[in-house]
Amino acid sequence: MTFEAYLEARRKDVDNALEAWLPKPPQAPEVITEAMRYSLMGGGKRLRPILALAGAEAVAQSMGSSEAAARDIAMPAACALEMIHTYSLVHDDLPAMDDDELRRGRPTAHVVQGEGMAILAGDGLQAEAFALLAREPQGHHHTLMQRKLRVIAMIADAAGATGMVGGQAIDLAAVKPGPHHAPAPLDADGLQSMHLRKTGALIRASVAAGAVMAGASDRLFAAIDEYGLEIGLAFQIVDDILDEEGSSASLGKTAGKDRAAGKPTYPAFYGLDRSKEMAAACHANARRALERTGLLDSRLADIASWIIERKA
Ligand code: GRG
Numbered sequence: 003m004t005f006e007a008y009l010e011a012r013r014k015d016v017d018n019a020l021e022a023w024l025p026k027p028p029q030a031p032e033v034i035t036e037a038m039r040y041s042l043m044g045g046g047k048r049l050r051p052i053l054a055l056a057g058a059e060a061v062a063q064s065m066g067s068s069e070a071a072a073r074d075i076a077m078p079a080a081c082a083l084e085m086i087h088t089y090s091l092v093h094d095d096l097p098a099m100d101d102d103e104l105r106r107g108r109p110t111a112h113v114v115q116g117e118g119m120a121i122l123a124g125d126g127l128q129a130e131a132f133a134l135l136a137r138e139p140q141g142h143h144h145t146l147m148q149r150k151l152r153v154i155a156m157i158a159d160a161a162g163a164t165g166m167v168g169g170q171a172i173d174l175a176a177v178k179p180g181p182h183h184a185p186a187p188l189d190a191d192g193l194q195s196m197h198l199r200k201t202g203a204l205i206r207a208s209v210a211a212g213a214v215m216a217g218a219s220d221r222l223f224a225a226i227d228e229y230g231l232e233i234g235l236a237f238q239i240v241d242d243i244l245d246e247e248g249s250s251a252s253l254g255k256t257a258g259k260d261r262a263a264g265k266p267t268y269p270a271f272y273g274l275d276r277s278k279e280m281a282a283a284c285h286a287n288a289r290r291a292l293e294r295t296g297l298l299d300s301r302l303a304d305i306a307s308w309i310i311e312r313k314a
């Protein structure tokens with residue numbers, strides 16, 4: 003199967019599972035289920051769920067077990083990660099945050115549903131993600147329960163104040179004055195910390211969650227987690243580069259906004275050429291981590307290249 007066909011197949015699997023696991027009336031009011039669906043089912047690359055599934059497949063490949071079974075056991079985590087990612091986009095686009103009107107090539111949630119409903123849709127997606135992680139896959143075997151608990155903690159850390167919310171807070175404080183403070187400009191370490199938390203943490207947790215659900219050994223987990231750390235940072239550096247070089251039509255969101263808003267980005271700090279070198283260095287580190295565990299021929303290697311070669 004070509005990599006493009008693989009991505010297409012996994013996207014279809016993820017979309018079907020998301021559709022099945024989204025709350026529906028009469029359990030939840032239609033007004034909120036439709037608001038959640040608008041953002042969740044409105045496109046997107048599905049990078050995080052695909053990483054979770056590929057992380058699980060890589061473990062199965064290395065243990066000589068069924069890749070399809072590994073994907074099944076990782077699918078709830080994959081979908082929960084997409085729900086959390088989508089919630090973060092909905093909240094990030096709000097007027098109080100990035101104030102954007104275009105996302106995934108469509109009007110943002112608050113433009114269509116109003117600010118209040120968009121906030122609730124994000125809240126609903128986040129809560130649903132953790133409900134899903136706790137509920138699925140069903141079963142009471144202690145190994146399954148241990149893996150699920152480990153993944154819940156891992157994803158909560160990645161989504162919360164130590165991860166994405168913390169990174170977003172650094173970002174917000176760097177560009178917007180608060181009631182009691184002026185904007186707090188970042189140095190190079192601050193920029194890296196912001197990127198690792200804001201975007202990197204959830205990407206890292208995606209591949210790690212898939213590996214845990216599939217039963218990775220400590221050695222395998224360490225290599226896959228290192229890969230996740232490197233591609234998480236690479237993803238955000240590439241995103242910063244695309245914000246400068248891409249067009250709104252090809253990105254599906256407003257291009258050039260970061261620079262216009264005086265945001266701390268890799269190109270603003272290091273220039274475009276150096277930023278590209280830094281992304282390439284992360285890619286090389288990620289490949290070395292895979293090589294250590296004989297996973298250079300896994301889909302994780304293709305995904306790392308996809309992230310680096312992403313074009314506007
Ligand atoms: C609001 C708590 C809170 C957090 C928001 C990740 C984030 C923190 C905001 C997103 C802002 C942004 C556009 C960051 C750039 C990197 C990024 C996460 C891009 C969107 O991810 P993709 O490219 O999007 O995977 P799709 O639409 O393909 O899923």
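The sequence shown begins at 3 in this note's numbering and counts up one residue at a time. For glycine and all other residues, C-beta sits at the position ideal for the given N, C-alpha and C.
Reference threonine 35; option with closest CA among Gly46, Ala22 and Gly45: Sequence index remark: in the sequence shown, residue 35 carries index 33 (1-based). With distances taken between Cα atoms, threonine 35 lies closest to Ala22.
Nearest neighbour of aspartate 350, chosen from Gly44, Thr4 and Ala70 [CA to CA]: The structure shown does not extend to residue 350, since the chain is modelled only from 3 through 314, so no value can be given for it.
Whole-angstrom distance between glycine 165 and isoleucine 156, CA atom to CA atom: Here residue 156 refers to the residue found at position 154 of the sequence shown. Here residue 165 refers to the residue found at position 163 of the sequence shown. According to the sequence as given, residue 156 is methionine; it is not isoleucine. Methionine 156 and glycine 165: Cα-Cα distance of roughly 10 Å.
Test item: CB-CB of methionine 85 and alanine 19 under 8 Å: As a working mapping, residue 85 is identified with position 83 in the sequence shown. As a working mapping, residue 19 is identified with position 17 in the sequence shown. No, these two residues do not count as a Cβ contact at 8 Å.
Proximity to glutamate 138 [Cα-Cα], best of Val153, Ala176 and Arg106: Taking the sequence shown and counting its residues from 1, the one referred to as residue 138 is at position 136. Nearest of Val153, Ala176 and Arg106 to glutamate 138, Cα basis: Val153.
Serine 277 versus cysteine 284 - alpha carbon distance: The residue given as residue 277 occupies position 275 in the sequence shown. The residue given as residue 284 occupies position 282 in the sequence shown. Answer to the nearest angstrom: the Cα atoms are 11 Å apart.
Extent of the continuous alpha helix (DSSP H) run through leucine 96: Counting from one through the sequence shown, the residue named residue 96 turns up at place 94. Note, leucine 96: premise wrong, no alpha helix (DSSP H); not H, not E.
Helix, strand or coil at histidine 183 according to DSSP, with G and I counted as helix: On the sequence shown, residue 183 is found 181 positions in, with the first residue counted as 1. Of the three classes helix, strand and coil, the one that applies to histidine 183 here is strand, per DSSP.
Opposing strand residues paired with arginine 105 [DSSP bridges]: Against the sequence shown, residue 105 aligns to sequence position 103. Arginine 105 pairs with Arg108.
Secondary structure of serine 219, DSSP reduced to three states: Along the sequence shown, one-based indexing puts residue 219 at 217. Looking at serine 219 - three-state DSSP - the assignment turns out to be coil, as it is neither helix nor strand.
Alpha-carbon spacing of arginine 206 relative to aspartate 227, whole angstroms: If you number the sequence shown from 1, residue 206 lands on position 204. If you number the sequence shown from 1, residue 227 lands on position 225. Computed Cα separation, rounded: 7 Å.
Arginine 152 Cβ short of 7 Å to the ligand GRG heavy atom set: The count along the sequence shown starts at 1 and reaches residue 152 at position 150. Incorrect: arginine 152 has no Cβ contact closer than 7 Å to the ligand GRG.
Check: threonine 267 C-beta below 7 Å from any heavy atom of the ligand GRG: Indexing the sequence shown from 1 puts residue 267 at position 265. Not under cutoff, so the answer is no.
Contained alpha helix (DSSP H) runs [length at least 4] in the segment 32-97, N- to C-terminal order: 32-42, 49-65 and 69-94
Aspartate 241 beta carbon near the ligand GRG (any heavy atom closer than 7 Å): Indexing the sequence shown from 1 puts residue 241 at position 239. Within the cutoff, so yes.
Endpoints, alpha helix (DSSP H) assigned at arginine 13: Here residue 13 refers to the residue found at position 11 when the sequence shown is read from its first residue. Per DSSP, arginine 13 belongs to the alpha helix (DSSP H) from 5-23.
Inter-residue CB distance, glycine 124 and tyrosine 89 (contact presumed, cutoff 8 Å): As a working note, residue 124 is residue 122 in the sequence shown. As a working note, residue 89 is residue 87 in the sequence shown. Yes, glycine 124 and tyrosine 89 are in contact; Cβ-Cβ is about 4 Å, under 8 Å.
Beta-carbon separation (whole angstroms), isoleucine 52 vs arginine 12, contact threshold 8 Å: Here residue 52 corresponds to residue number 50 of the sequence shown, with the count starting at 1. Here residue 12 corresponds to residue number 10 of the sequence shown, with the count starting at 1. Rounded, the Cβ-Cβ distance is 5 Å, consistent with contact.
Three-way DSSP call (helix, strand, coil) for leucine 298 in this model: On the sequence shown, position 296 is the one that residue 298 refers to. Coil at leucine 298, not helix or strand.
Within 8 Å, strictly: CB atoms of phenylalanine 271 and alanine 190: Within the sequence shown, numbered from 1, the residue matching residue 271 stands at position 269. Within the sequence shown, numbered from 1, the residue matching residue 190 stands at position 188. Against a cut-off of 8 Å, the Cβ pair of alanine 190 and phenylalanine 271 comes out as a contact.
Closest residue to alanine 56 among Val114, Ala37, Ala82 and Ser300 (Cα-Cα distance): The sequence position of residue 56 within the sequence shown is 54, counting from 1. Looking at the Cα atoms, Ser300 is the closest of the given residues.
Assigned secondary structure, lysine 278 (DSSP; H/G/I helix, E/B strand, else coil): Along the sequence shown, one-based indexing puts residue 278 at 276. Three-state DSSP puts lysine 278 in a helix.
Selection from Gly202, Ala282, Ser64 and Ile121 that minimises the alpha carbon distance to leucine 49: Mapped onto the sequence shown, residue 49 falls at position 47. Selected option, being the one with the closest Cα: Gly202.
Secondary structure of glutamine 140, DSSP reduced to three states: As a working mapping, residue 140 is identified with position 138 in the sequence shown. Glutamine 140: coil per DSSP, three-state reduction.
Distance cut-off 7 Å: methionine 3 Cβ against heavy atoms of the ligand ADP: No copy of the ligand ADP occurs in the structure displayed; its ligands are the ligand GRG alone.
Closer than 7 Å: leucine 235 CB and nearest the ligand GRG heavy atom: The residue you call residue 235 lines up with position 233 of the sequence shown. No; taking the cut-off as 7 Å, the Cβ of leucine 235 has no heavy atom of the ligand GRG nearer than that.
Helix, strand or coil at lysine 178 [DSSP, three-state]: In the sequence shown, counting from the first residue as 1, residue 178 sits at position 176. It is coil, neither helix nor strand.
Coil, strand or helix - leucine 188 by DSSP: As a working mapping, residue 188 is identified with position 186 in the sequence shown. Coil at leucine 188, not helix or strand.
Host alpha helix (DSSP H) of alanine 270 (start-end): On the sequence shown, residue 270 is found 268 positions in, with the first residue counted as 1. Taken as a continuous stretch (DSSP letters only), the alpha helix (DSSP H) holding alanine 270 covers 268-272.
Length of the line joining the Cα atoms of glutamate 103 and leucine 302: Position 101 of the sequence shown, counting from 1, holds the residue named residue 103. Position 300 of the sequence shown, counting from 1, holds the residue named residue 302. In a straight line, the C-alpha of glutamate 103 is about 33 Å away from that of leucine 302.
C-alpha distance - glycine 217 paired with alanine 158, whole-angstrom precision: Working through the sequence shown from its first residue, we reach residue 217 at position 215. Working through the sequence shown from its first residue, we reach residue 158 at position 156. One C-alpha to the other measures close to 20 Å.
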